[in-house]
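Read in order, the letters of the sequence shown are residues 4 to 383 in my numbering.
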Amino acid sequence: MKKIKASHIAIIPLALILITLALVKFFQISTIINAFENIPPPVAVVNAVGVERQQWRKSVTALGTVRAHEGITLVAERAGKVKKILFVSGKYVEQGELLLEQDNANEIALFNSAKAQLQLAKSNLSRVSQLRDKNLVAESEHETAQLQLSASIANAENQQATLEKMKIYAPFSGRLGIKSVDLGEDLQAGTAIVSLQSTDALKVDFPISQKWLNQVATGLDVEVSYLESQDVVAKGEINAVGVKVDNATRSILVQATLDNYSFESNKSPLLYPGMAVSVRVVFPQADAVLAIPSTSVIYSAFGDSVYLLQEDEQTGQLHARQQFIKIAQRRGDFVAVEAGLEGDERLASGGAFKLFNGQAVEVGESGETTYSLSPHPKEG
């Protein structure tokens with residue numbers, strides 16, 4: 004019993020040492036934690052923008068297709084082997100330029116035969132006419148000779164037309180696509196040879212819902228942009244409105260010509276025939292909206308928001324406060340806010356994505372940023 008009590012006494016100093024070390028470490032850690040808690044959060048540097056009161060013209064957007072002023076696919080009119088290919092894929096050609104020749108030896112022979120028959124018919128008519136003048140032949144024989152001449156003329160013209168169909172010419176000036184035939188290839192009538200697009204001027208076709216029929220008219224302005232961007236790449240005006248509403252879609256086809264836009268005048272053409280684009284029809288009427296740059300909006304599945312820049316009355320420090328908004332529409336670099344803003348707020352723009360509610364912020368000195376309702380893509 005005495006031995007057990009002695010061992011207990013030996014353990015007590017060791018326990019006191021361990022408890023002392025634990026308390027020291029606890030106070031050290033607590034001191035470090037308190038020090039970190041007292042460190043103010045870092046000040047975020049952002050750009051500031053104001054809410055703008057703008058007049059936005061009413062508009063409707065539709066999916067359109069770019070078309071050349073003229074555009075066709077050249078095809079073989081008659082069956083035959085490709086004898087000569089006189090064009091290069093992707094090159095610009097002039098109206099009337101010879102592009103392709105098919106083997107025409109048989110057609111040449113038939114044409115020469117038709118010319119010989121024509122010459123014979125002319126000679127025969129001349130001989131019969133002389134005999135008729137001398138009353139040596141009947142009038143019916145003279146009429147037969149005239150009919151034979153007419154038939155020979157028609158046959159020669161037909162053979163000449165057939166011979167010409169063995170050659171493919173450019174019906175108008177434009178740019179060629181990629182050739183789809185090869186030298187020596189046997190073509191059937193209707194075989195596609197190459198696409199030809201008159202790219203000196205472009206137009207765009209797009210459907211508009213029937214509910215806009217009382218507002219859509221020729222002369223209205225249109226703006227064309229890529230599907231993945233709101234940058235306006237071309238402008239124009241409506242030149243034609245269809246006359247029939249589609250039964251399936253309840254829409255009507257509208258066509259617009261693009262102002263001063265030529266595929267050939269652009270070193271790197273922005274629009275190609277057949278390209279799908281976004282077309283915005285702009286109406287004369289305008290609405291007053293609260294507009295902010297789209298770069299100031301934090302987009303989220305549970306709601307779009309912005310960060311308001313509010314100044315502390317005591318310290319003068321700016322703080323970011325998250326404010327949820329409702330976006331009515333987008334246009335260029337701006338969005339129109341339907342709810343959530345009054346119109347006199349200052350917002351964080353560049354760098355807003357890194358903020359949190361209540362964070363201290365500072366407005367940085369950045370280069371001037373220009374926002375536009377109709378931005379154009381930068382060249383180069």
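Using N, Cα and C, we set each Cβ at its ideal position, and we do this for glycine too.
Quiz item: Rounded C-beta distance between residue 308 and residue 325? I'm assuming under 8 Å.
Solution: 5 Å
Quiz item: Going by beta carbon distance, what residues of the same chain come within less than 6 Å of residue 200, once the five residues before and after it are set aside?
Solution: Closer than 6 Å at Cβ, skipping near neighbours: 71, 74, 177, 178 and 276.
Quiz item: When the Cα atoms are used, what is the spatial distance from residue 332 to residue 91?
Solution: 47 Å
Quiz prompt | Minimum length 4: unbroken alpha helix (DSSP H) runs contained in the segment 134 to 179 | solution = 142 to 167
Exercise. Tell me the start and end of each unbroken beta strand (DSSP E) in the segment 183 to 239 that is at least 3 residues and wholly inside, in chain order.
Key: 195 to 212 and 224 to 228
Self-check item: contact_flag[the segment 183 to 192, the segment 158 to 165] where n(CB pairs < 8 Å) is 3 or more
Solution: A contact is defined here as three or more CB-CB pairs under 8 Å, and the segment 183 to 192 fails this definition with respect to the segment 158 to 165.
Quiz prompt | The beta strand (DSSP E) enclosing residue 105, as first and last residue numbers | solution = Residue 105 -> beta strand (DSSP E) spans 101 to 105.
Quiz item: Shortest alpha-carbon distance to residue 215 belongs to which of 230, 255 and 195?
Solution: 255
Quiz item: Leaving out five residues before and five after residue 373 in sequence, what residues of the same chain have Cβ atoms less than 6 Å from its Cβ?
Solution: none
Practice problem: Report the residue from 80, 279, 238 and 285 whose alpha carbon sits nearest the alpha carbon of residue 195. | Solution: Nearest C-alpha to residue 195: 80.
Exercise. State the Cα-Cα distance for the pair residue 111 and residue 166, rounded to the nearest angstrom.
Key: 7 Å
Quiz item: Identify the residues that DSSP records as bridge partners of residue 289: which are they?
Solution: 60
Quiz prompt | Contacts around residue 204, its chain only, beta-carbon distance under 6 Å, and the 5 residues preceding and following it disregarded | solution = 72
Self-check item: Sub-8 Å separation of residue 244 and residue 220 beta-carbons
Solution: yes
Quiz item: Beta carbon of residue 207, beta carbon of residue 67: below 8 Å?
Solution: yes
Quiz item: For residue 89, which residues from the same chain have a beta carbon less than 6 Å from its beta carbon, with the 5 sequence-adjacent residues on both sides left out?
Solution: 101 and 102
Exercise. Only counting runs of 3 or more residues, tell me where the beta strand (DSSP E) segments fall wholly within the segment 327 to 360, in order along the chain.
Key: 329 to 334, 337 to 342 and 349 to 351
Quiz prompt | Selected residue, minimal CA-CA separation from residue 190, among 293, 235, 77 and 240 | solution = Comparing Cα positions, the closest option is 77.
Quiz prompt | Beta-carbon proximity check, residue 289 vs residue 94, cutoff 8 Å | solution = no
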